[in-house]
Each structure stands twice: as structure tokens, then as C-alpha cells.
Amino acid sequence: MNYHLELMVKKLLGTDIAERNFAIFPDDTFLVSYPRSGNTWTRFLIANLVYPRLDVSFKNIERLIPDTSSQSSRALRRTPRPRIIKTHEYFDHRCRKIICIVRDPRDVALSYYDFQRKYRHIEDGYPLVKYVDDFVSGRLNSKDWGTWGENVASWFYTRGKSKDFLLLRYEDMMEDPVRELARTATFLGIDSDPARIEQAVQRSSADRMREMEKSQSADWVATKNHRTDIPFVRVAKSGGWKEKLPEECVAQIEAAWGETMLALGYELVSATMHPMIGVRSEKQVVR
Amino acid sequence: MIAKLGASARLLLGHDPAGRNLRTFPDDTFIVSYPKSGNTWTRFLVASLIHNEEPMTFLKADKVIPSIDTQSRRYFKNLPRPRVIKSHFPFDPTYKRVIYIVRDPKDVAVSQYHYQIKRKVLQDGHPIDEWIVRYVAGETCPYGSWGENVGSWLAARQHDPGLLLLRYEDMIRQTDAELIKIARFLGIDPTPERIQWAVSQSTADRMRKLEQKEAGQWESTKDTRKDKFFVRSAKAGEGKATLSPVAIAQIESAWGPLMRWLGYETASAGGADSAEQDRSFLETVLEYPAR
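If you read the protein sequences in the order shown, they are chains A and B. Take the first sequence: its letter number 195 is residue 195 in my numbering, and every next letter is one higher. Convert by adding 287 to the 1-based position in the second sequence; the result is the number in my numbering.
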């Protein structure tokens, strides 16, 4: 009852967290991804691209590219159009224009593990093997977003072929951020002037973001009141799973989502693959 | 402001329609489909399977297997578990056990078009070819397009034992066999008497007669035209027989690979061929690698 009373007051004031309950406009663009897939980096890249004259930081990022899981429905209503909105939600058919960021789920698992320690959802000594089991079966705090496979597949299949859908792989962005941001600029209808792209990439570098996190973590909704000994901006690398993720965890992830992983161009290494997939593991990338 | 106040008061009292705000439990079973795909018939079958003591009606089916968009959160809270719930939503990760009913989108189009005439959304004789353009774009229905709705569920859950995928066409052709699958999924012993009873309660003829009696009170028919019926053809293949080649081509160009994966006939490739079935779902529906 108290919860609903609070929600009622918040709804009246418009301070309720937007989540899926806010008005969507036809000119909105959504930056969607499963958590820990490079969404924050991409937000900075895009914000720096769209607002080259602003000093984009953790202090203003929520105003420039608001997050549906931390901003109120009123804040979203007040964001100037055309809006770019960040979300971790699973497929929502009301969203037309989509930039979808995907990352190898084997790396997502490792990043999420650290993130949930940062948020004190799990203790430091929580066994990684157990954590990956939670991750695959959807027993995490973020269960309302679905599992990695559910969330990614729900967007990728329904919109993968649409001209209003841009797929960005975190790994490709790591490899050549300028190239990927130029694609993004074209998709957004923004002048992809090389100098402008280059500037946005530099302003969003991992080093620069780490520096900003150090001085601004208390100012950003996603980091304040959470452990500061574990950084939000983590390794900013891909492929860490090859060294750090136990073989059984790799096998579990590949058995659960191998088909989607292959379709997104992630090679499978484990012998126990899903029967539907057979033995096709040559690199195939969707573009 | 007044409207907002009203909505907030309903929220406080739990009288707001549950929708996406329903609190779900792992033992809930959802009967999910795109609208006009046989959901009401399936509800009749399942409701009579669970409650086999007295004849099934539209109003009773609504109480036993309530719709997520019409019943309040409070109603769902008081419903004894394990609950069976009707929904038309695209993929929702909180639904752990799902009976998903799929129907040929050509037939769904014809059915939805007629239902919109019944609901006075469209006028008699509205040009269907023009309407089909909006249907394919997902603009005629609040639950996404057919391809988005079906695809989001299959993409997320196709290998999950918590998903039972049924085709309306199979249910028409072999109702008993499909209902036995449902019974097993629900943990109900499919004795011949029980299956027989449920099927007999849910025949199109019986449902048509009931509709005449209950149309004025039932949520989906009240305030709609009385000269058009909710229980309509109860057949498969009407789309192919009545839609124009242009309309059919639009539907197939939007969802051809998904239709073929589900075994629906398309002009470009007839019926389900084994090659399609051998490819993975994502490969098939994305026609991937791109040709």
C-alpha cells in the first residue's frame, strides 16, 4: 500500500521513473542494449558527436541522453526533441528508430559480475560459476530486462532488417571507434565530418571517462551511493573471458545462447553446443 | 489533472488494468497470441479443461482466464494460484510459462479487418488493400505488428521448455491432439472424457450461440455492432482465398521467412521445406547470411 501511495504521488508529480511508462514520439531514437555492453561509452560518443560545443560529462549526460531506468517521466517529457534515449528494456514495439549495441555475452557476464559487486547485489567472494548460472537463468536483480539472450534476440529479430535499426558491436567499436561512430552519424543524419568524429572519439576515451568518473561519481545517478573501490568504467576491452571465464561457464553461455551469438558473429569455442546449431562455427557477421 | 488524479486513485486501490504492471509468479501460465489468432477459442478449451463441472461461457472464461488488459491488478492478486492469464503482449521476460498460439498472418488480417468493422473502427466496405498497408506496418493494433509479436516470443524463447508453441491451423485440424499437449503442459491428466468435454464446450457452433446470449455483457463484444459476429469463420485459409494478390504479396514480403519457418505457405516457396527447418531460427528469419 505504501509503495502504491508513493507511486501515486510520484505519478501525479511526474517524478516516477520512466521505465516503459512514458510517451514516445516518432522522432525519438533509442540507444538500446543489455547492461554492461558499452551503452555508457556509446552515450558519450553520441553526446559528444551531437553536442560538439558542450563539455559532456557524467554531470550532464542524463540531460543529454536520458536513461529510462533512472530518469522520471517528466524529465523525459522535458528533454528537447528530437530525443535520444538510453534504455536497457527488452523489445518495445513503440520504439521506431533503434541503435542496438551488442557485446559478447561471455564478456558481459564478467563485467556484470563486477558491477553487481559495486552495487552490493552480491558479495566480493560470490563464486563466479554460480554467478554465471544466475546470469544465464535470469536470476539477477535485473530480471525484468530478461536474460542477455532474450533481451538481445527480442530486438535483433524483430527489427534486425529494418532501415531504422543500426547494430553496433562493442567489439567493432573497440577495434575502430571512428568507423563505427561515422556509421552512427550517418544513421542519425548528422554530418560525419572526420574532425567532428575524431573529436567525439577522443572526448569519450576510456582514460578520459575514468578521470571523469573519479571526480564526478557522486554526481551521477548510476554511481553515487555505490562502492567507489570498483570502477564503473572497467577494463574497456573485449575478449577478457578467454582468460578469466572458467570453461564450464563458457560452455553454459554458449549452450544457452549459441544461436544468437553466432548470428551476431561471435565464435563459439565449446564442444557442447545447441543441437539446433550443429557444427557451424565459421565466422559470420550480420551487416 | 483530473484524469491523472483518477488514474492515480485507481492505481492506489489496485483498480487499474494490470497490463505490463501485473506482478507475475513463476507458476503463472500465460495464453499469449497476436489478436485474432484463436486466443478466445483456446481460452474456452483450457477453461473447460480446468473447470469441467459446469458448461463454459464467455463471461466465465473471462473470470477463469482473465485478460491482462481488462482485469485489475487487484483481481489478479486475488486469483487463486496457479493462475492462467490471457495476454496479447509481445515478449515479456516475466512470463515464465507461455502457451503461444500463432496463426497464418493472412487469415489474421482478414479476421482483424472484420473485427475492426464490428467495433466501428472501420466502416463497411473500407478498402482492405489500403488497410493491409497499415496492418503490415503494425499500425492497426496496439500489440506491435504480427511479425514483431510472434518474432519477439520465438526469438527469445523458442528453445525454452516453458514455451508451448501451437498453430491455430493444427488446433482446427486436430483439436484433440493439440489440447492433449496443452493439458500435459499444464500438468493436467488428459483423460479422453476430459478432452472430449473441453472440445464439446468449445465448438464454433456452441460459441456462436453463446455469443448471441452474452454479446451485450462480454468485454470484447459489448458496444460493438450486433450484425457482425466475434466468432466468425473459425477456419483456416480465408486469407489466401479472399485477399488480393497485392495484399498477399505485402504480407509475404514483410514476414515471408518467419511464415515459412512456421510452415505457412507463401508464393515464393510453398509450405515448410526441410531446408528451412534445418536452419536456425535467426538465420531463417533474417534470411541470413544476407542474399
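Note that the Cβ used here is the ideal one computed from N, Cα and C, for glycine as well.
Express the C-alpha separation of residue j and residue i in angstroms, rounding to a whole number.
| i | j | result |
| --- | --- | --- |
| Pro353 of chain B | Thr15 of chain A | 31 Å |
| Ser359 of chain B | Asp463 of chain B | 33 Å |
| Ala305 of chain B | Leu545 of chain B | 30 Å |
| Lys527 of chain B | Ile535 of chain B | 7 Å |
| Ala485 of chain B | Tyr455 of chain B | 16 Å |
| Glu426 of chain B | Asp229 of chain A | 49 Å |
| Arg36 of chain A | Leu181 of chain A | 19 Å |
| Arg495 of chain B | Arg519 of chain B | 8 Å |
| Ser398 of chain B | Asp514 of chain B | 15 Å |
| Arg307 of chain B | Phe378 of chain B | 11 Å |
| Val533 of chain B | Ile469 of chain B | 37 Å |
| Leu12 of chain A | Tyr3 of chain A | 14 Å |
| Ala396 of chain B | Leu409 of chain B | 14 Å |
| Lys373 of chain B | Phe317 of chain B | 6 Å |
| Thr511 of chain B | Gly550 of chain B | 34 Å |
| Pro204 of chain A | Asn436 of chain B | Checking the sequence shown, residue 204 of chain A turns out to be Ser, not Pro. Going by the C-alpha atoms only, they are around 37 Å apart. |
| Val221 of chain A | Gly146 of chain A | 23 Å |
| Thr553 of chain B | Val423 of chain B | 16 Å |
| Gln403 of chain B | Tyr430 of chain B | 15 Å |
| Phe363 of chain B | Leu309 of chain B | 8 Å |
Just to make sure I have the definition right: I need the residues of chain E whose C-beta is within less than 8 Å of the C-beta of residue i. Which are they?
| i | result |
| --- | --- |
| Gly138 of chain A | Reference to chain E is not applicable here, since the protein chains of this structure are A and B. |
Just to check my reading of the structure: residue i and residue j have Cβ atoms closer than 8 Å, yes? What is that Cβ distance to the nearest angstrom?
| i | j | result |
| --- | --- | --- |
| Gly38 of chain A | Tyr170 of chain A | 4 Å |
| His375 of chain B | Val319 of chain B | 7 Å |
| Asp27 of chain A | Arg81 of chain A | 6 Å |
| Gln461 of chain B | Phe331 of chain B | About 17 Å separates the two Cβ atoms, so there is no contact after all. |
| Gly325 of chain B | Ile388 of chain B | 5 Å |
| Glu465 of chain B | Leu453 of chain B | 6 Å |
| Arg370 of chain B | Asp315 of chain B | 5 Å |
| Pro246 of chain A | Val129 of chain A | 6 Å |
| Gln216 of chain A | Phe58 of chain A | 4 Å |
| Ser540 of chain B | Asp416 of chain B | Rounded, the Cβ-Cβ distance is 14 Å, inconsistent with contact. |
| Thr186 of chain A | Lys97 of chain A | That belief does not hold up - the Cβ atoms of Thr186 of chain A and Lys97 of chain A are roughly 13 Å apart, past 8 Å. |
| Leu168 of chain A | Ile61 of chain A | Going by Cβ atoms, the distance from Leu168 of chain A to Ile61 of chain A rounds to 18 Å, so no, they are not a contact pair. |
| Ala47 of chain A | Leu64 of chain A | 5 Å |
| Pro105 of chain A | Trp148 of chain A | 4 Å |
| Ala251 of chain A | Val136 of chain A | Incorrect: roughly 11 Å between the Cβ atoms, too far for contact. |
Check each candidate in the options and name the one with the smallest Cα separation from residue i.
| i | options | result |
| --- | --- | --- |
| Ala523 of chain B | B:Val408, B:Asp314, B:Arg406 and B:Asp391 | B:Asp391 |
| Phe345 of chain B | B:Lys373, B:Gly543, B:Glu506 and B:Thr571 | B:Glu506 |
| Gln483 of chain B | B:Gly438, B:Asp394, B:Gln410 and B:Ile467 | B:Ile467 |
| Gly138 of chain A | A:Arg20, A:Leu76, A:Ile253 and A:Gly160 | A:Ile253 |
| Glu123 of chain A | A:Val235, A:Leu12, A:Arg227 and A:Glu243 | A:Arg227 |
| Thr42 of chain A | A:Glu243, A:Val178 and A:Pro231 | A:Val178 |
| Glu150 of chain A | B:Lys350, B:Glu435, B:Thr427 and B:Ala443 | B:Ala443 |
| Ile24 of chain A | A:Thr79, A:Ser270 and A:Ile101 | A:Thr79 |
| Glu213 of chain A | A:Glu247, A:Leu31, A:Ala263 and A:Val233 | A:Val233 |
| Leu451 of chain B | B:Tyr430, B:Val385, B:Ser531 and B:Arg512 | B:Val385 |
| Lys242 of chain A | A:Ala185, A:Phe30, A:Ala109 and A:Phe165 | A:Ala109 |
| Arg481 of chain B | B:Thr357, B:Thr508, B:Tyr362 and B:Asn339 | B:Asn339 |
| Ser270 of chain A | A:Ala263, A:Leu264, A:Thr260 and A:Cys249 | A:Cys249 |
| Tyr382 of chain B | B:Asp447, B:Arg547, B:Tyr551 and B:Ile475 | B:Asp447 |
| Leu497 of chain B | B:Lys347, B:Trp548 and B:Arg547 | B:Lys347 |
| Leu188 of chain A | A:Leu166, A:Asn60 and A:Val9 | A:Leu166 |
| Ile538 of chain B | B:Arg310, B:Asp411 and B:Trp433 | B:Trp433 |
| Leu336 of chain B | B:Asp411, B:Lys509 and B:Ile475 | B:Ile475 |
| Lys163 of chain A | A:Val9, A:Pro105 and A:Arg183 | A:Arg183 |
| Thr260 of chain A | A:Asp207, A:Ala153, A:Val9 and A:Ala75 | A:Ala153 |
Exposed or buried, what is residue i when buried is set at 16 or more other beta-carbons lying within 10 Å of its beta-carbon?
| i | result |
| --- | --- |
| Lys86 of chain A | buried |
| Phe91 of chain A | buried |
| Pro66 of chain A | buried |
| Pro414 of chain B | exposed |
| Arg53 of chain A | exposed |
| His88 of chain A | buried |
| Arg117 of chain A | buried |
| His121 of chain A | exposed |
| Leu45 of chain A | buried |
| Gln71 of chain A | buried |
| Leu268 of chain A | buried |
| Ala18 of chain A | buried |
| His302 of chain B | exposed |
| Pro479 of chain B | exposed |
| Leu5 of chain A | exposed |
| Arg368 of chain B | exposed |
Ordered list of alpha helix (DSSP H) runs contained in the stretch 434–461 of chain B, each at least 4 residues: 455–460
Considering only residues of the stretch 101–172 of chain A, which uninterrupted alpha helix (DSSP H) runs meet the minimum length of 4 residues and lie entirely inside it, listed in chain order? 105–118, 128–137 and 148–159
Only counting runs of 3 or more residues, tell me where the beta strand (DSSP E) segments fall wholly within the stretch 351–381 of chain B, in order along the chain. 371–374
Note down, one range per segment and in chain order, each alpha helix (DSSP H) of at least 4 residues found wholly within the stretch 220–274 of chain A. Taken in chain order, the complete alpha helix (DSSP H) segments of 4 or more residues contained in the stretch 220–274 of chain A are 241–244 and 247–263.
Taking the runs of the alpha helix (DSSP H) that are 4 residues or longer, which of them lie wholly in the stretch 21–75 of chain A? 39–50 and 61–64
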